[in-house]
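Number of protein chains: 2
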Amino acid sequence: MAEGGHQGTPGSEGLLFLTDEQLRKGIEAMFFAYRGFTADPDRILEQHGYGRAHHRAIHFIHRSPGTTVNNLLSILGVTKQSLNRVLRTLIDDGLVESRVGKRDKRERHLFLTETGDALERELSDAQRERMRAAFRSVGPDAVVGFRQVLEAMMDPEMRRHFQTLKDSGQ
Amino acid sequence: MAEGGHQGTPGSEGLLFLTDEQLRKGIEAMFFAYRGFTADPDRILEQHGYGRAHHRAIHFIHRSPGTTVNNLLSILGVTKQSLNRVLRTLIDDGLVESRVGKRDKRERHLFLTETGDALERELSDAQRERMRAAFRSVGPDAVVGFRQVLEAMMDPEMRRHFQTLKDSGQ
DNA sequence: ATTATATGTCAGTCTTGTTGACTTTATCGG
DNA sequence: CCGATAAAGTCAACAAGACTGACATATAAT
Chain D
1 MAEGGHQGTP
11 GSEGLLFLTD
21 EQLRKGIEAM
31 FFAYRGFTAD
41 PDRILEQHGY
51 GRAHHRAIHF
61 IHRSPGTTVN
71 NLLSILGVTK
81 QSLNRVLRTL
91 IDDGLVESRV
101 GKRDKRERHL
111 FLTETGDALE
121 RELSDAQRER
131 MRAAFRSVGP
141 DAVVGFRQVL
151 EAMMDPEMRR
161 HFQTLKDSGQ
Chain C
1 MAEGGHQGTP
11 GSEGLLFLTD
21 EQLRKGIEAM
31 FFAYRGFTAD
41 PDRILEQHGY
51 GRAHHRAIHF
61 IHRSPGTTVN
71 NLLSILGVTK
81 QSLNRVLRTL
91 IDDGLVESRV
101 GKRDKRERHL
111 FLTETGDALE
121 RELSDAQRER
131 MRAAFRSVGP
141 DAVVGFRQVL
151 EAMMDPEMRR
161 HFQTLKDSGQ
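So the sequence lines, in the order shown, correspond to chains D and C.
Position 75, counted from 1, in the first sequence is what the UniProt record's numbering calls 75; the numbers after and before it change by one each time, with no gaps.
Position 38, counted from 1, in the second sequence is what the UniProt record's numbering calls 38; the numbers after and before it change by one each time, with no gaps.
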């Protein structure tokens with residue numbers, strides 16, 4: 001009778017959380033929640049003439065200052081042509097700086113400028129605020145569960161990126 | 001000292017789950033997990049020549065058979081021109097049937113055909129399989145937390161749609 | 001010296017979203 | 001019954017953001 005590692009009501013019924021109906025609710029929860037998740041940044045981005053793609057680039061450059069283009073490509077999972085378009089505008093607009101690598105001069109290391117950092121803060125403040133409110137309203141235990149499920153849903157390579165904090169290098 | 005309603009370690013520290021760093025992890029978890037969430041259906045859709053927009057329409061018609069176009073519009077949050085494009089192809093391809101309303105003949109009630117249902121099953125089987133594996137690996141308590149956080153992150157109107165099960169009418 | 005890597009760019013395509021204008025059909029309120 | 005409102009559909013134009021394929025340049029590695 002020893003189950004995986006979690007408890008549940010240890011008696012007979014168990015696994016009621018794995019019914020198709022429960023899974024459907026989980027699927028819809030992801031769909032609707034993701035909309036809320038992006039809603040606030042989307043409004044801000046629109047005012048600045050940017051889109052979600054710019055947000056993603058800004059976010060990960062902020063998280064890992066000095067990251068290379070290739071690194072960013074593998075995190076974002078898009079083509080270099082696609083990334084280059086948004087990176088080009090961010091650099092031209094003075095939000096991102098691209099420095100030639102010292103060890104390997106082929107590489108470009110990406111950094112946010114002061115302006116870029118300001119937009120990053122504006123965006124993440126909004127997004128964090130919503131998440132903070134959600135977290136607070138449900139309590140720390142629910143937050144742990146939230147993170148566990150999300151991590152378990154990721155593709156292995158994305159889980160690697162998620163768990164890896166530092167990866168600059170310069 | 002009585003806090004909201006959740007416990008945590010009841011001593012002094014509390015609220016460590018609301019730090020900016022924890023929130024950033026939550027944000028990235030959403031980003032990476034959503035990718036995993038859509039990855040399997042995306043592969044299937046590609047084989048059939050459809051996109052995510054078709055999936056969403058199929059999903060919600062399956063969930064609420066007989067739903068009207070307006071209903072679908074408010075759930076999906078897109079313009080009718082945008083929805084009409086995908087609905088048109090689904091109807092032309094014989095996956096969706098559009099029946100004139102009996103009470104109100106202006107309305108069209110949408111249903112999946114057998115073919116449509118088959119594709120729906122193919123898509124949701126794949127998506128459910130991933131979620132089932134995630135749910136199983138973390139246990140029922142984590143799943144409860146997952147759902148609570150997601151629901152708290154939704155916009156109020158989306159939360160309404162999420163909580164509402166039936167809405168056909170015919 | 002050749003090959004491989006990192007980056008960037010040009011050109012074209014596709015999906016999915018947007019606005020705005022307009023039509024048809026049907027319901028509803030006076 | 002008539003005028004206003006509503007539900008659905010359509011046409012046209014446009015934009016963001018993804019894709020492919022081809023090709024260029026600089027640098028590193030063998």
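All C-beta atoms, glycine included, are put in the ideal place defined by N, C-alpha and C.
| Close beta carbons around C/L76, own chain, < 8 Å, minus the five adjacent residues each side | Residue 76 of chain C sits at position 76 when you count from the first residue of the second sequence. Excluding sequence neighbours, C/L76 sits near R56, A57, F60, L83.
| In three-state terms, what does DSSP make of C/V69? | Within the second sequence, residue 69 of chain C is the residue found at index 69, counting from 1. It is helical.
| Is the region 113-130 of chain C in contact with the region 135-143 of chain D, if contact means three or more CB pairs nearer than 8 Å? | no
| request: Step through the CB atoms of chain D and report whether any lies within less than 8 Å of the CB of C/Q127. | output: Position 127 of the second sequence holds residue 127 of chain C. Taking Cβ atoms only, chain D reaches closer than 8 Å to C/Q127, which makes this a yes.
| request: Note down, in chain order, each residue of its chain lying with its Cβ closer than 6 Å to the Cβ of C/V69, except the 5 sequence neighbours on either side. | output: As a working mapping, residue 69 of chain C is identified with position 69 in the second sequence. The answer, listed in chain order, is R108.
| field | Member of D/A39, D/G14, D/M30 whose CA lies at the smallest distance from the CA of D/M154 | value | For the purposes of this step, residue 154 of chain D is taken as residue 154 along the first sequence, with counting starting at 1. Comparing Cα-Cα distances from D/M154 to each of D/A39, D/G14, D/M30, the minimum goes to D/M30.
| field | Where C/A118 falls, given that 16 or more other Cβ within 10 Å makes a residue buried | value | Start at 1 with the first residue of the second sequence, and residue 118 of chain C comes out as number 118. By the neighbour-count rule (16 or more Cβ atoms within 10 Å), C/A118 is not buried but exposed.
| request: Note down the Cα distance separating D/F146 from C/V143, rounded to an integer number of angstroms. | output: For the purposes of this step, residue 146 of chain D is identified with residue 146 of the first sequence, where counting begins at 1. For the purposes of this step, residue 143 of chain C is identified with residue 143 of the second sequence, where counting begins at 1. Approximately 7 Å between the Cα atoms of the pair.
| How many Å lie between C/D20 and D/L150 at the Cα? | Taking the first residue of the second sequence as 1, we reach residue 20 of chain C at position 20. Taking the first residue of the first sequence as 1, we reach residue 150 of chain D at position 150. So the two alpha carbons sit approximately 19 Å from each other.
| How would you label D/S74, buried or exposed, when you count the other beta carbons within 10 angstroms and need 16 or more for buried? | Locating residue 74 of chain D in the first sequence gives position 74, counting from the first residue. Flag for D/S74 reads exposed.
| request: May I ask which residues mark the beginning and end of the beta strand (DSSP E) holding C/G64? | output: As a position in the second sequence, residue 64 of chain C is number 64, starting the count at 1. Note that residue 64 of chain C is Ser in the sequence shown, not Gly. Counting along the chain, C/S64 falls outside any beta strand (DSSP E), and DSSP gives it neither H nor E.
| query | Taking just the CA atoms, how far does D/N71 sit from C/Q148? | reply | Translated into positions along the second sequence, residue 148 of chain C becomes position 148. Translated into positions along the first sequence, residue 71 of chain D becomes position 71. Spanning the two alpha carbons is a distance of roughly 34 Å.
| query | In whole angstroms, what separates the C-alpha of D/F17 from that of C/Q22? | reply | By one-based count along the first sequence, residue 17 of chain D stands at place 17. By one-based count along the second sequence, residue 22 of chain C stands at place 22. Taking the straight line joining both Cα atoms gives about 27 Å.
| said: Pull the bridge partners of C/A100 from the DSSP assignment, please. | reply: Residue mapping note: residue 100 of chain C aligns to position 100 of the second sequence, counting from 1. Note that residue 100 of chain C is Val in the sequence shown here, rather than Ala. DSSP lists C/R108 as partners of C/V100.
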